[in-house]
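Taken in sequence, the protein lines are chains C and W. Residues in the first sequence are numbered from 362 upward in steps of one, following our numbering. Residues in the second sequence are numbered from 362 upward in steps of one, following our numbering. Just so you know, even glycine gets a beta-carbon here, dropped at the ideal spot from N, CA and C. One structure below.
Protein chains: 2
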Amino acid sequence: MSRTTIADVAREAGVTKATVSHAMSGKRPISDDTRAKVLAAAERLNWVPSQSARSLATQTANAIAVVLARDPEVIANDSFFPAFIAGVESVLAETETALILQVVPDRAAEERAYRALSHGRADGALLLDLRTDDWRVPLLEELGLPAVLVGAYEQPTRFSCVRTDDAEPVREIIAHLRAQGHERIAHVSGPLEYVHSRVRADAYTDAVGTDALLREGDFTAASGRARTAELLALADRPTAVLYSNDTMAIAGLSYARSNGLSIPRDLAIAGFDDDHLSAHLSPALTSVSSGPAARGRAAARLLQADILGAEPRTEVVNCNVVHFRESTSTSTESTNR
Amino acid sequence: MSRTTIADVAREAGVTKATVSHAMSGKRPISDDTRAKVLAAAERLNWVPSQSARSLATQTANAIAVVLARDPEVIANDSFFPAFIAGVESVLAETETALILQVVPDRAAEERAYRALSHGRADGALLLDLRTDDWRVPLLEELGLPAVLVGAYEQPTRFSCVRTDDAEPVREIIAHLRAQGHERIAHVSGPLEYVHSRVRADAYTDAVGTDALLREGDFTAASGRARTAELLALADRPTAVLYSNDTMAIAGLSYARSNGLSIPRDLAIAGFDDDHLSAHLSPALTSVSSGPAARGRAAARLLQADILGAEPRTEVVNCNVVHFRESTSTSTESTNR
DNA sequence: CGCATTCGTCAAACCGGTTAGATGCACGAC
DNA sequence: GTCGTGCATCTAACCGGTTTGACGAATGCG
Numbered sequence: 362m363s364r365t366t367i368a369d370v371a372r373e374a375g376v377t378k379a380t381v382s383h384a385m386s387g388k389r390p391i392s393d394d395t396r397a398k399v400l401a402a403a404e405r406l407n408w409v410p411s412q413s414a415r416s417l418a419t420q421t422a423n424a425i426a427v428v429l430a431r432d433p434e435v436i437a438n439d440s441f442f443p444a445f446i447a448g449v450e451s452v453l454a455e456t457e458t459a460l461i462l463q464v465v466p467d468r469a470a471e472e473r474a475y476r477a478l479s480h481g482r483a484d485g486a487l488l489l490d491l492r493t494d495d496w497r498v499p500l501l502e503e504l505g506l507p508a509v510l511v512g513a514y515e516q517p518t519r520f521s522c523v524r525t526d527d528a529e530p531v532r533e534i535i536a537h538l539r540a541q542g543h544e545r546i547a548h549v550s551g552p553l554e555y556v557h558s559r560v561r562a563d564a565y566t567d568a569v570g571t572d573a574l575l576r577e578g579d580f581t582a583a584s585g586r587a588r589t590a591e592l593l594a595l596a597d598r599p600t601a602v603l604y605s606n607d608t609m610a611i612a613g614l615s616y617a618r619s620n621g622l623s624i625p626r627d628l629a630i631a632g633f634d635d636d637h638l639s640a641h642l643s644p645a646l647t648s649v650s651s652g653p654a655a656r657g658r659a660a661a662r663l664l665q666a667d668i669l670g671a672e673p674r675t676e677v678v679n680c681n682v683v684h685f686r687e688s689t690s691t692s693t694e695s696t697n698r
Numbered sequence: 362m363s364r365t366t367i368a369d370v371a372r373e374a375g376v377t378k379a380t381v382s383h384a385m386s387g388k389r390p391i392s393d394d395t396r397a398k399v400l401a402a403a404e405r406l407n408w409v410p411s412q413s414a415r416s417l418a419t420q421t422a423n424a425i426a427v428v429l430a431r432d433p434e435v436i437a438n439d440s441f442f443p444a445f446i447a448g449v450e451s452v453l454a455e456t457e458t459a460l461i462l463q464v465v466p467d468r469a470a471e472e473r474a475y476r477a478l479s480h481g482r483a484d485g486a487l488l489l490d491l492r493t494d495d496w497r498v499p500l501l502e503e504l505g506l507p508a509v510l511v512g513a514y515e516q517p518t519r520f521s522c523v524r525t526d527d528a529e530p531v532r533e534i535i536a537h538l539r540a541q542g543h544e545r546i547a548h549v550s551g552p553l554e555y556v557h558s559r560v561r562a563d564a565y566t567d568a569v570g571t572d573a574l575l576r577e578g579d580f581t582a583a584s585g586r587a588r589t590a591e592l593l594a595l596a597d598r599p600t601a602v603l604y605s606n607d608t609m610a611i612a613g614l615s616y617a618r619s620n621g622l623s624i625p626r627d628l629a630i631a632g633f634d635d636d637h638l639s640a641h642l643s644p645a646l647t648s649v650s651s652g653p654a655a656r657g658r659a660a661a662r663l664l665q666a667d668i669l670g671a672e673p674r675t676e677v678v679n680c681n682v683v684h685f686r687e688s689t690s691t692s693t694e695s696t697n698r
């Protein structure tokens, strides 16, 4: 099963490897008829240059990477992720760049993964789920691996960022709930080590004036259910809950219902990230669409620019739109969609 | 930014490159204290072997690939895909194998992608969305690239398969609808070039005895809406529709409703692939869970086995479970979950 | 007509690993 | 003391591209 190599093409075309290489890349002038011979030979033999040989020689990989330290279960139930990836791919497809997706169990493996990536496996990385003082940022700086930070990041950095303003939609939702007479508004956040969870939680605390009804979840349905149970068991139970993603919101909604509460009459519920089905739930779920596909596209573009040597820059992709739906409205009418 | 190479480690440890290589791989006996010196040096220098150099030398990539010819939009709204990937990753994570995800716009690009993959970029591929007489199967056989076929495939092949029986749940749903008195049952399929779409459509046609109410969709919400509109415009409009995925089902449901139909009273609706939110819709959507994560795990395991030289085999992962919910029940009660 | 210049191609080194074959050394058997 | 034997290590070739310096031929110019 010997694959055809550049040497085969060279022999077939009656030239040397170097000429084939130059004919393909155009980095040296090649006469038109030689180039034609080379192209014909390559075509005839179905030659595709070996990616590993090329990346060894050029130190580029034609691929970018996303390393995730999340539990696979969270990935499966997350609405942000697939849409984000779809956005990334829509940009990468244009240049036939591959996306390397690696899920790692722990920090040691994650660090190894980045080191391996920087050794010719990937030309750059997208960093998701940023933590405050994220250790990955200095690591990638040290490795010299281009990267784009997706989400808020507060430290100064040489990397490009794709930001969104996560605080604003939280304020909007709280204001909306307040306007409807809600006074005890709770928040089930994501893990607070994540910057975006923290930003949302802080915006929440600022808006309601206390963190008494703030509970930390982990984006899973199980945690949504558990935190909701805790909140509803309080003597002064909340009349509205804002969750940091739709999966937790729906788990909370189910739990509240199974305990005899009517949504939104007894408990108003809002989510985050606007799963594509959330508009069709019963009641339709108020949620914040964060434009995951647009963010994916922006991140991929910035990364490609960075790899080509462009100056890093921060792009604010503010696609955040709050969709107010039945789950937070006192009237029966919904603003479906 | 010169990365540390095996030569640096060799110098640091006072041995040659070959010794370092053997010490790491264990392919030749190395004395204990030499090995210790090498490991210490590698640790000290934070050495990670270059993946491209290694894969050039060994013709292995430590990565497997999934190439998708779908529109990014379909990926974003598909419930099968993220869960499947999560299942795959949960297996790959154990061996620090990377997943290469490549979305291609057309067939030429897809073929190039597979050829490039077989040149040291990936050790194997998972084939999704199989078509009847899929051209990719002979191509990968020719390239000698190990692969696992996910879904039904009828031709004989040397590749392992992960099968599910897509016909059985269709029969179950039709029987269920029949038992409720439905006589005009329609089906909105996926593109019929896909084997799984075809199998479902055939099972449907067999069960109802005609394909008069069969319409071909493409898994997008837009097509679900359009095909539903066509069906409802018929003189003898159907009283029940089975869709080949949940996205189309929900689009159809919304359309029917906005035309004044009540679900399930005027129109019963069932989906496929059981999105994680489908149980929470209004009405809760009857759907078929195909165990995407389990299938992903099985596919990844079979591929890893194949790469290591195991005999190809077909594994039937029959996780298909029909969840009958409100959208197909005449009574108000639901079997939620 | 001779020389400089440009153009197109070639030969060889290099990227960073792996691996087959050669070599040196210690040890045991005779 | 000599010779085989086996173990540990080294040397060097190789994987398949890219890239640089060299070189021969064609061209331009005085």
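query = Taking C-alpha atoms, which residue in C:551, C:388, C:524 and C:503 lies nearest to residue 652 of chain C?
reply = C:524
query = Could you check where the alpha helix (DSSP H) with residue 382 of chain W kicks off and where it finishes?
reply = 378-386
ask   = Taking just the CA atoms, how far does residue 469 of chain W sit from residue 452 of chain W?
value = 31 Å
ask   = How is residue 545 of chain C classed by DSSP in three states: helix, strand or coil?
value = coil
request  = Return helix, strand or coil for residue 684 of chain W, following the three-state DSSP convention.
outcome  = strand
request  = Please report how far the alpha carbon of residue 599 of chain C lies from the alpha carbon of residue 435 of chain C, in whole angstroms.
outcome  = 27 Å
key: Host beta strand (DSSP E) of residue 554 of chain C (start-end)   = Careful: residue 554 of chain C lies outside any beta strand (DSSP E) and carries neither H nor E.
inquiry  = Below 8 Å, how does it come out for the region 520-534 of chain C and the region 668-686 of chain C: are there three or more Cβ pairs, yes or no?
reply    = yes
message = Judging by CA-CA distance, which residue of C:414, C:389 and C:428 is the nearest neighbour of residue 422 of chain C?
response = C:414
key: Backbone secondary structure at residue 576 of chain W - three-state DSSP   = strand
query = So residue 510 of chain C and residue 476 of chain C are in contact, right, with Cβ under 8 Å, and what is the actual spacing, rounded?
reply = Actually they do not touch by this definition, with Cβ atoms about 19 Å apart.
task = Starting from residue 611 of chain C, follow its DSSP beta bridges and name the residues at the other end.
result = Answer by DSSP bridge pairing: none, since residue 611 of chain C is not bridged.
Contact under 9 Å by Cβ, residue 587 of chain C with residue 611 of chain C = no
key: C-alpha distance - residue 629 of chain C paired with residue 690 of chain C, whole-angstrom precision   = 7 Å
request  = Report yes or no: do three or more beta-carbon pairs, one from the region 436-455 of chain C and one from the region 640-658 of chain C, lie closer than 8 Å?
outcome  = yes
inquiry  = In the DSSP output, which residue or residues are listed as bridge partners for residue 648 of chain W?
reply    = W:684
query = Using a Cβ cut-off of 8 Å, which residues of the region 659-677 of chain C contact any Cβ in chain W, in chain order?
reply = none
task = Could you have a look at residue 565 of chain W and say whether DSSP puts it in helix, strand or coil?
result = helix
ask   = What are the residues of the region 611-637 of chain W that lie near chain C, defined by any Cβ-Cβ distance shorter than 8 Å?
value = 611, 614, 615, 636 and 637
message = Is it buried or exposed, residue 544 of chain C, if we count other Cβ atoms within 10 angstroms and call 16 or more buried?
response = exposed
ask   = Straight-line CA distance for residue 457 of chain W to residue 620 of chain W?
value = 52 Å
task = Specify whether the region 386-395 of chain W and the region 387-404 of chain C touch according to this definition: at least 3 beta carbon pairs, one from each stretch, less than 8 Å apart.
result = no
request  = Just mark residue 497 of chain W as buried or exposed, buried being the case when its beta carbon has 16 or more other beta carbons within 10 Å.
outcome  = buried
query = Where do the ends of the beta strand (DSSP E) carrying residue 455 of chain C lie?
reply = Looking at the DSSP string, residue 455 of chain C is not in any beta strand (DSSP E), and its letter there is neither H nor E.
query = So residue 488 of chain W is in the beta strand (DSSP E); what residue range does that whole segment cover?
reply = 485-488
query = Name the DSSP beta bridge partners of residue 604 of chain W, please?
reply = W:549
task = Would you list the one or two residues that DSSP bridges to residue 498 of chain C?
result = Per DSSP, none; premise fails for residue 498 of chain C.
inquiry  = Taking only three categories from DSSP, how would you classify residue 412 of chain C?
reply    = helix
query = Does DSSP put residue 624 of chain W in a helix, in a strand, or in coil?
reply = coil
key: Rounded separation between residue 617 of chain W and residue 602 of chain C - CA only   = 32 Å
ask   = In whole angstroms, what separates the C-alpha of residue 489 of chain W from that of residue 376 of chain W?
value = 47 Å
message = Given this structure, state the Cα-to-Cα distance separating residue 428 of chain C from residue 567 of chain W, to the nearest angstrom.
response = 46 Å
task = Determine, using beta carbons only, whether residue 501 of chain W and residue 664 of chain W come nearer to each other than 9 Å.
result = no
task = Report the option in C:364, C:399 and C:365 whose CA atom is closest to the CA atom of residue 380 of chain C.
result = C:399
query = How would you label residue 412 of chain W, buried or exposed, when you count the other beta carbons within 10 angstroms and need 16 or more for buried?
reply = buried
ask   = For the region 454-466 of chain C, which residues have a CB atom closer than 7 Å to at least one CB atom of chain W, in sequence order?
value = 454, 457, 459, 460, 461, 462, 463, 464, 465 and 466
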